[in-house]
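Everything on this sheet refers to the single structure shown next.
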Amino acid sequence: MSAPAPELVLSGGTVHTPSGPVQADVAVRDGRIIGVGSYPDAGRRIDCTGLDVLPGVIDSQVHFREPGLEHKEDLETGSRAAVMGGITAVFEMPNTNPNTDTEERVRDKLARAHHRMHCDHAFYVGATADNATSLAELERIPGTAGVKIFMGASTGSLLVAEDEQLARVLAHGRRRVAIHAEDEARMNARKDLRVEGDPSSHPVWRDDESAMLATKRILRLAREARRPIHILHVTTPAELELIAQHRDVATCEVTPQHLTLAAEEAYPKLGTFAQMNPPIRSAAHRDGLWEWLRAGVPDVLGSDHAPHTREEKSKTYPASPSGMPGVQTLLPLMLDHVAKGRLTLERLIDMTSSGVQRVFGLVCKGRIAVGYDADFTVIDRKGRFAVTEDWGESRCGWSPFTGMELEGRVVGTIVRGHSAMWEGQLADRAVGEPLRFAGAL
Numbered sequence: 001m002s003a004p005a006p007e008l009v010l011s012g013g014t015v016h017t018p019s020g021p022v023q024a025d026v027a028v029r030d031g032r033i034i035g036v037g038s039y040p041d042a043g044r045r046i047d048c049t050g051l052d053v054l055p056g057v058i059d060s061q062v063h064f065r066e067p068g069l070e071h072k073e074d075l076e077t078g079s080r081a082a083v084m085g086g087i088t089a090v091f092e093m094p095n096t097n098p099n100t101d102t103e104e105r106v107r108d109k110l111a112r113a114h115h116r117m118h119c120d121h122a123f124y125v126g127a128t129a130d131n132a133t134s135l136a137e138l139e140r141i142p143g144t145a146g147v148k149i150f151m152g153a154s155t156g157s158l159l160v161a162e163d164e165q166l167a168r169v170l171a172h173g174r175r176r177v178a179i180h181a182e183d184e185a186r187m188n189a190r191k192d193l194r195v196e197g198d199p200s201s202h203p204v205w206r207d208d209e210s211a212m213l214a215t216k217r218i219l220r221l222a223r224e225a226r227r228p229i230h231i232l233h234v235t236t237p238a239e240l241e242l243i244a245q246h247r248d249v250a251t252c253e254v255t256p257q258h259l260t261l262a263a264e265e266a267y268p269k270l271g272t273f274a275q276m277n278p279p280i281r282s283a284a285h286r287d288g289l290w291e292w293l294r295a296g297v298p299d300v301l302g303s304d305h306a307p308h309t310r311e312e313k314s315k316t317y318p319a320s321p322s323g324m325p326g327v328q329t330l331l332p333l334m335l336d337h338v339a340k341g342r343l344t345l346e347r348l349i350d351m352t353s354s355g356v357q358r359v360f361g362l363v364c365k366g367r368i369a370v371g372y373d374a375d376f377t378v379i380d381r382k383g384r385f386a387v388t389e390d391w392g393e394s395r396c397g398w399s400p401f402t403g404m405e406l407e408g409r410v411v412g413t414i415v416r417g418h419s420a421m422w423e424g425q426l427a428d429r430a431v432g433e434p435l436r437f438a439g440a441l
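Residues 1 to 441, numbered by full-length UniProt numbering, are exactly what the sequence shown covers, in order.
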């Protein structure tokens, strides 16, 4: 008896499999990949001739602001921006109001997200001095991405700045811990270096040493605790050089913003709209990040999507908040970098799909292979488009990249066999489900 025809076939595209790119069809049934080859029969067929079919792109650092800050963004609008930009799954951060730092609050976020978010999702648990001894249980809740530590750049209970507190957090649990590494004591001591009305003083205040001090401290503490860590949004080449010497305990992330923008142009052009933590630094820093990326050190790309309203961002520095949207532009920006020869498409896939699966132990995600979820990002490598505010889906309504002409266009976003977006049209129905991890099944 022959097997039933696939429910969905993506036909005629260049499919990026673990063995490399092949001209083939991809067959899907019950939300899973059942084969890569030739499939003339299908319940539904999507013609991908002339297009590239990538494993679903995963953004492992976003701030979607719900609950409590929905005037900036919420889980539904943030996920709309994600799928419009080719993102099939996101890891969302815990600095909401209230913070995501208890089982009740994690489960509340999961309930809010289910079939309301357009992409699959996981939520970080925020580490605090109070919940340190509970983290081993909290990180095991299905749908959690693990534990997040803010060593600096946070307020209230989510700030874990002292070595003794950090060691307590790292001592409870086994999964990889995500780290915002800026040294709170150094930044507090340097606050008088902020120049009112001049956001270009932001990287003077939050200097290279603020980042390096924190990174050195957390690498030492992680080794003492025998706990794997993941250092987010690395902005200095010196940190990447150091992390390269500690690969047994540390993985790391870079962002498209720090690979694209440079202080010399960004602050005069964008002002406070270029303000983020850690800061946009010099062109020399940016070029150094690219050198270490080509050497293979950064494991993943994350957008650090952190929207604020125009009114909030228009405040006079330093009263202006740090953060910018980025989930919808992560892939288009990086495809443009591919077109300009700065990295290969294979390396981009490594940093947005298979690398995320490897670093975090994702189950059934990150590759086009039989048995894996049918998550695909379909792109036109030669397609050109301009970033416009009309295109953006984030509630904040702006982007630091508005007006940029990019080569490499996202055509479609398919989540477990459902077309979440195709040719700029969002699906009528949201199908987002919690991600699954080997450490929290």
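In this text, a Cβ means the ideal position worked out from N, Cα and C, and glycines have one as well.
For clarity, every value in this text was computed on a predicted model and none was experimentally measured.
Rounded to whole angstroms, how far is the Cβ of residue i from the Cβ of residue j, which I believe are closer than 8 Å?
i    : j    : result
E182 : A153 : 5 Å
A27  : V9   : 5 Å
T255 : H233 : 5 Å
E70  : R112 : Contact flag wrong, Cβ pair sits at about 11 Å.
L193 : G143 : With 8 Å as the limit, L193 and G143 do not qualify as a contact, their Cβ atoms being about 41 Å apart.
F385 : A145 : Actually they do not touch by this definition, with Cβ atoms about 31 Å apart.
L301 : L270 : L301 to L270, Cβ: 21 Å. No contact.
L54  : F376 : 7 Å
V431 : H115 : 6 Å
E139 : V125 : 6 Å
Is residue i helix, strand or coil when you go by DSSP?
i           : result
M276        : coil
V125        : strand
M1          : Residue confidence for M1 is low, a pLDDT of 43 falling below 50, so the modelled location carries little weight; the figure read from the coordinates is stated next. Of the three classes helix, strand and coil, the one that applies to M1 here is coil, per DSSP.
R175        : coil
L10         : strand
E92         : strand
Q425        : strand
F150        : strand
D101        : coil
L159        : strand
D47         : strand
G86         : coil
D375        : coil
P40         : coil
V410        : strand
residue 446 : In the structure displayed, the chain extends from 1 to 441; residue 446 sits before or after that span and is not available.
G35         : strand
I141        : coil
R436        : coil
D248        : coil
R281        : coil
R80         : helix
R381        : strand
I368        : coil
Give me the DSSP bridge partner(s) of residue i.
i    : result
V415 : H418
A386 : E405
Q61  : Bridge partners of Q61: none, in fact.
Q23  : T14
V254 : L301
P55  : F376
V28  : L8, I33
Quick one: is residue i near chain B, going by C-beta distance under 8 Å?
i    : result
M421 : Here there is only one protein chain, and chain B is not present.
**OP:** Please confirm if the segment 31-39 is in contact with the segment 55-68, defined as three or more CB-CB distances below 8 Å between the two stretches.
**Re:** no
Original post:
With a cut-off of 8 Å, do at least 3 Cβ pairs link the segment 401-413 to the segment 96-104?
Top reply: no
**OP:** Entirely within the segment 286-346 and at least 4 residues each: give me those alpha helix (DSSP H) ranges in chain order.
**Re:** 310-313, 330-339
**OP:** Please list the segments of the beta strand (DSSP E) lying wholly inside the segment 178-225, counting only runs of 3 or more residues, in order along the chain.
**Re:** none
Original post:
Quick one: any contact between the segment 342-362 and the segment 156-165, if contact means 3 or more CB pairs under 8 Å?
Top reply: no
Subject >> Three or more C-beta pairs below 8 Å linking the segment 265-284 and the segment 197-214 >> reply: yes
Original post:
Three or more beta-carbon pairs under 8 Å between the segment 210-219 and the segment 168-185, yes or no?
Top reply: yes
Subject >> Three CB pairs or more closer than 8 Å across the segment 365-375 and the segment 248-267 >> reply: no
Original post:
Are the segment 166-175 and the segment 128-136 in contact at 8 Å, needing three or more beta carbon pairs?
Top reply: yes
Subject >> Given 8 Å, three or more beta-carbon pairs between the segment 116-123 and the segment 76-95 >> reply: yes
Original post:
On the three-pair Cβ rule with 8 Å, is the segment 285-302 touching the segment 74-82?
Top reply: no
Original post:
Would the segment 217-227 and the segment 239-253 be scored as touching if the rule is three or more Cβ pairs under 8 Å?
Top reply: yes
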